[in-house]
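Novice:
Number of protein chains: 2
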Amino acid sequence: MGKVSIKNIAQELGVSNATVSLVLSGKVKEGRVSKDMIEKIMLTAKAMHYEPNILARGLRMGKTQTIGLIVADISNPFFGQLAFQIQEYAEKFGYTVIITNTNESDVKMDKMISILKSRQVDGLIIVPTNHGELAIKELVTSHFPFVLVDRHFPQIPTNHVVVNNYVASREATHSLIQDGCKKIALLVYDNKLYHMSERKRGYVEALQEAGLYNPELIKEINYLNIQEDVINSINDLLKGDKKVDGLFSATNTISMIGINQILELNLKIPDDIKVFCFDKNSEFDISNFKIPYIIQPIPEIGKKAVDILINEIEHHSADTTQIELVAQMSVIR
Amino acid sequence: MGKVSIKNIAQELGVSNATVSLVLSGKVKEGRVSKDMIEKIMLTAKAMHYEPNILARGLRMGKTQTIGLIVADISNPFFGQLAFQIQEYAEKFGYTVIITNTNESDVKMDKMISILKSRQVDGLIIVPTNHGELAIKELVTSHFPFVLVDRHFPQIPTNHVVVNNYVASREATHSLIQDGCKKIALLVYDNKLYHMSERKRGYVEALQEAGLYNPELIKEINYLNIQEDVINSINDLLKGDKKVDGLFSATNTISMIGINQILELNLKIPDDIKVFCFDKNSEFDISNFKIPYIIQPIPEIGKKAVDILINEIEHHSADTTQIELVAQMSVIR
DNA sequence: CTGAAAGCGCTTACAG
DNA sequence: CTGAAAGCGCTTACAG
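Residue numbers (the numbering used here), protein chains in the order written: chain A, 1 to 333; chain B, 1001 to 1333.
Below, the structure is given as structure tokens:
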């Protein structure tokens, strides 16, 4: 027994494909088909284990009820949770989500956009990569519906949902200052993404204001070489004369490795060095030292992105929506 | 400018759809089309930004080069990493992966299977839910290609890739005994899934062998009420007379909450109570107390599952492949 | 109340 | 060397 199609059901009952299709898709209008026949069709469909072929429907209707999601790394809990929220929420509107990864590679981002378009997704939600501007620009000029999340390019007018990276980072750094830190380092990615430079700017301005700014305490990490870069940076920052007493870490992956290395050097947090992180690592709660962090409203980010995208898909609204949500500081205990 | 199809290119060049299709899909045989025309077609396709409609191709060929992945919770890093590996590996064979969630609900599992089949995926990789046997049985009788991962039903003959839950749990428990624990508790889900009962069995047998088994020290947790159940269990286990000195935690989510609560009670790990966990929480590394855990070979699980599935899809092999991989204990420092 | 027919974009035997 | 035509499974005007 192969797959059951509308045609099979129609033949079985001696009616036309049209009648079966109308009934099964719930589009049958009053008086179109007799009550009797409606019931028969429903029963037969169930009995024959009919499952609609969404590909065929999509081809015909020019719409697949599918959203493509492109994240930087699905194994990172931040993106995992974001993907989860997007999927749960999109499902409410009858959309399926196809999740793909770029691993922060713009080549892969291009590829994923192309694959997802080939699969006729109705729209895209994208966490863009470092050198992804060109691909995003092309998307804009082709009027393909999409929303950027987590990051955006300020010089390209796009839908996007991001957080207040600058303010949050500034407040976090300020909090370290208030806790008495005099030499506060920053670990940040070396990419040119706006959200990253905003985090850096928040750090820099808080320190400048306090007269504590020292560019030598900024360490730029390469994503492809995280482990080594972070370890070297921490080692250098905690060496004899330079020895910092505070650290602001700009992402959760950097934080993980950095904190590990600090402990490896047999230093105590927060006694020897105070740490503040961007993004939560659930583990912060279970360590005896409770590390403060900036927490992003992941569910809201996901929901807003879906709302904007579906609105554009279904109403072809041409204007762009740009949302900046507030990332809070965790309560420090 | 709407979407560009093969027809558009054919008209542009005054050739037939067949010729264009053959060239673009790389199926053109020696002498079928002149070199000149091949080049022209390729160039025009590029110039017009042609992107093949994979839906249409899938409809025609009865094959979509798509794998459906159904996990219990994509926001759980274990499944996030698994999804990541599956996706990366499947891509090498030209397959796209659609990831979906069940939240451990069998109703949702049914729904996801149906949605993915409607989308004409070529096969499924499934982390089955507690009461999911019926759906899995149906899949077996329908001869739809699929592989179970992480969990399986011993009474249903299916392809699956799992780990040696029994042995690993037994060894972990044994290790706690060797560390001098006399009263070792177990936190485990209350579901009837085989992998869970195997973890329990490993714990029980290790204790029985040592003459330390006490069924009152087993606490069953309900997935829908994790937080409260774990907290209550920990509170109870650490009360006056019962007070345990060891804990084996059967999953990473349970571990997180449990360890938190232990610390909340102002107890020290491992001085007051030793803990051993199934599955890694990256955070174990950054806490000052290094908690030992059982680590599953996630990349291998993913790869094996993809290998088995693609083999079944492409070669219609009828026999089932069942793989049990070895989960190691983390090195305790 | 219902059916015949066209067409979404693709591939592939078949005919020339 | 190349094209016309059928058909994958669906939906939807149109005709009766």
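Glycine included, C-beta positions come from ideal geometry on N, C-alpha and C.
This one's a predicted model, so the numbers in the text were calculated from it and none came from an experiment.
Roughly how many angstroms separate the alpha carbons of A/Q87 and B/I1070, rounded to a whole number?
Specialist: About 13 Å.
Novice: Quick one: what does DSSP say A/N159 is sitting in, helix, strand or coil?
Specialist: Note: A/N159 maps to coil in three-state DSSP.
Novice: Going by DSSP in three states, A/M329 sits in which element: helix, strand or coil?
Specialist: It is a strand residue.
Novice: In the structure shown, what three-state DSSP assignment does A/L212 receive?
Specialist: In the structure shown, A/L212 sits in coil (DSSP, three-state: anything other than H, G, I, E or B).
Novice: Taking all protein chains shown into account, do 16 or more other C-beta atoms lie within 10 angstroms of the C-beta of A/E209, making it buried, or fewer, making it exposed?
Specialist: Label assigned to A/E209: exposed.
Novice: Against chain B, with Cβ distances strictly below 7 Å, would A/R333 count as a contact?
Specialist: At A/R333 the pLDDT is 40, less than 50, meaning the model places this residue with poor confidence; the figure from the coordinates comes in the next sentence. So no, A/R333 is outside the interface.
Novice: For chain B, is any of its Cβ atoms less than 7 Å away from the one on A/P77?
Specialist: Taking Cβ atoms only, chain B reaches closer than 7 Å to A/P77, which makes this a yes.
Novice: For the pair the stretch 85-105 of chain A and the stretch 1096-1108 of chain B, tell me if three or more CB-CB distances fall below 8 Å.
Specialist: Short answer: they touch.
Novice: Of all the CB atoms in chain A, is at least one closer than 7 Å to the CB of B/Q1208?
Specialist: So, not an interface residue.
Novice: Which residue from A/A72, A/Y50 and A/M196 puts its Cα closest to that of A/K108?
Specialist: When each option's Cα is compared against that of A/K108, the closest is A/A72.
Novice: What are the start and end residues of the alpha helix (DSSP H) that includes B/K1219?
Specialist: Element bounds for B/K1219: not the alpha helix (DSSP H) but the beta strand (DSSP E), I1218 to I1221.
Novice: Report yes if the C-beta distance between A/I269 and A/V230 is below 7 Å; otherwise report no.
Specialist: Not a contact, by the Cβ cut-off of 7 Å.
Novice: Less than 6 Å between C-beta atoms, sequence neighbours within five positions excluded: which residues of the same chain meet that for A/N191?
Specialist: Result list for A/N191: N130, in chain order.
Novice: Can you pull the DSSP bridge partners for B/F1146?
Specialist: Answer is B/L1124.
Novice: From A/V149 to A/A206, what does the alpha carbon distance come to, in whole angstroms?
Specialist: Looking at the two C-alpha atoms, the distance is approximately 26 Å.
Novice: Tell me whether the stretch 161-170 of chain A and the stretch 309-328 of chain A touch, counting them as touching only if at least three CB pairs, one residue from each stretch, are closer than 8 Å.
Specialist: The stretch 161-170 of chain A is in contact with the stretch 309-328 of chain A.
Novice: Thinking C-alpha only, which one of A/Q155, A/F78 and A/R151 is nearest A/L193?
Specialist: Out of A/Q155, A/F78 and A/R151, A/R151 has the C-alpha closest to the C-alpha of A/L193.
Novice: How about A/R119: is its C-beta nearer than 7 Å to some C-beta of chain B?
Specialist: Cβ-Cβ to chain B under 7 Å: yes for A/R119.
Novice: For B/L1055, which option in B/R1119, B/N1017 and B/T1019 has the closest C-alpha, if you only look at C-alpha atoms?
Specialist: Measuring from the Cα of B/L1055, the nearest candidate turns out to be B/R1119.
Novice: If you drop the 5 nearest sequence neighbours on each side, which residues of the same chain put their C-beta closer than 7 Å to that of B/G1058?
Specialist: Closer than 7 Å at Cβ, skipping near neighbours: T1064 and Q1120.
Novice: To which residues of the same chain is A/I226 closer than 8 Å at the C-beta, ignoring the five residues directly before and after it?
Specialist: Correct list, in chain order: T253, I254 and I257.
Novice: Indicate the three-state DSSP secondary structure (helix, strand or coil) for B/Y1203 in the structure shown.
Specialist: B/Y1203: helix per DSSP, three-state reduction.
Novice: In its own chain, which residues sit with a C-beta less than 7 Å from the C-beta of A/I74, not counting the 5 before and 5 after it?
Specialist: Hits under 7 Å: G80, A83, I99 and N101.
Novice: Express the C-alpha separation of B/Y1203 and A/Q261 in angstroms, rounding to a whole number.
Specialist: Computed Cα separation, rounded: 34 Å.
Novice: Return the bridge partner residues of A/G132 from the DSSP annotation.
Specialist: Its beta-bridge partners do not exist; DSSP assigns none.
Novice: I'd like to know whether the C-beta atoms of A/L309 and A/V140 end up nearer to each other than 7 Å.
Specialist: No, they are not a contact pair.
Novice: Answer with yes or no whether the minimum CB distance from B/I1221 to chain A is below 7 Å.
Specialist: It does not; no Cβ of chain A falls within 7 Å.
Novice: Could I get the ranges of all uninterrupted beta strand (DSSP E) runs contained in the stretch 1031-1118 of chain B, with 3 residues as the minimum, in chain order?
Specialist: 1066-1071 and 1096-1101, all fully within the stretch 1031-1118 of chain B.
Novice: Please confirm whether A/S330 has its beta-carbon closer than 7 Å to some beta-carbon of chain B.
Specialist: Judged by the 7 Å Cβ criterion, A/S330 is not in contact with chain B.
Novice: Any chance you could list the alpha helix (DSSP H) runs of at least 4 consecutive residues sitting entirely within the stretch 1231-1290 of chain B, in chain order?
Specialist: If we require 4 residues or more, the alpha helix (DSSP H) runs fully inside the stretch 1231-1290 of chain B come out as 1252-1264.
Novice: Which chain A residues are close to B/A1083, counting only those with a beta carbon under 7 Å from its beta carbon?
Specialist: Correct list: I74.
Novice: For A/A185, which three-state DSSP category applies?
Specialist: A/A185 falls in the strand class under three-state DSSP.
Novice: Is the shortest distance between the beta-carbon of B/E1051 and the beta-carbons of chain A less than 7 Å?
Specialist: Chain A contact via Cβ: present.
Novice: Which residues in chain B have a C-beta closer than 7 Å to the C-beta of A/S249? List them in chain order.
Specialist: What A/S249 touches in chain B: nothing, since even the nearest Cβ is about 12 Å away.
Novice: Figure out for me which residue from A/K200, A/Y189 and A/D272 has the closest Cα to the Cα of A/S233.
Specialist: Looking at the Cα atoms, A/Y189 is the closest of the given residues.
Novice: Work out the CA separation of B/G1094 and A/I126 for me, nearest whole Å.
Specialist: Cα to Cα, A/I126 sits roughly 22 Å from B/G1094.
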